[in-house]
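First the structure, in the form of structure tokens, and then the observations on it.
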Amino acid sequence: MIILKHVEYNIKDSSELEKLLNHLRKTTSKVDGVEFKDIYFPIGKAEFVLVIECVNEYKYVEWRSICPPPLGAKDWHEVFLKKDERFPQTNKPNL
19 MIILKHVEYN
29 IKDSSELEKL
39 LNHLRKTTSK
49 VDGVEFKDIY
59 FPIGKAEFVL
69 VIECVNEYKY
79 VEWRSICPPP
89 LGAKDWHEVF
99 LKKDERFPQT
109 NKPNL
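The sequence shown begins at 19 in our numbering and counts up by one.
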């Protein structure tokens, strides 16, 4: 599954961004089944969105406990299933 983690926070410059990216890579590597994919910035908002691939939402919650949002920032997440998760193959071919 894919988690979109929205964080209402303004990253001030590229140095702060690099520190954040390094921190994200380090903390996601500590939780099996959680992989940081990318970061996006909505136009006109003091916000960023992390794209995180997880085996399940519980793993995301486990990761969030070691990587909370910046002090004073609000965050929320959305869960998206991959097509195989949404429509699992029910008729597997006979081998």
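For every residue, glycine included, the Cβ atom is placed at its ideal position computed from N, Cα and C.
Closest option to aspartate 50, judged by alpha-carbon separation, among Gln107, Leu35 and Arg82: Arg82. With contacts defined by Cβ atoms closer than 8 Å, isoleucine 70 and tyrosine 76 do not form a contacting pair. When DSSP reads this structure, tryptophan 94 sits in a beta bridge with His24. Assignment of glutamate 65 by DSSP, reduced to helix, strand and coil, places it in the coil class. As the crow flies, the alpha-carbon of leucine 35 is around 34 Å from that of arginine 104. Per DSSP, the beta bridge partners of aspartate 56 are Val69. In this structure, DSSP gives leucine 99 a state outside helix and strand, which the three-state scheme calls coil. Sequence-distant partners of asparagine 28 (beyond 5 residues in either direction) whose C-beta falls short of 6 Å from its own C-beta, in its chain, are Ala64. Minimum Cα-Cα distance from histidine 24 among the listed residues Leu39, Asp93, Lys37 and Phe59 corresponds to Asp93.
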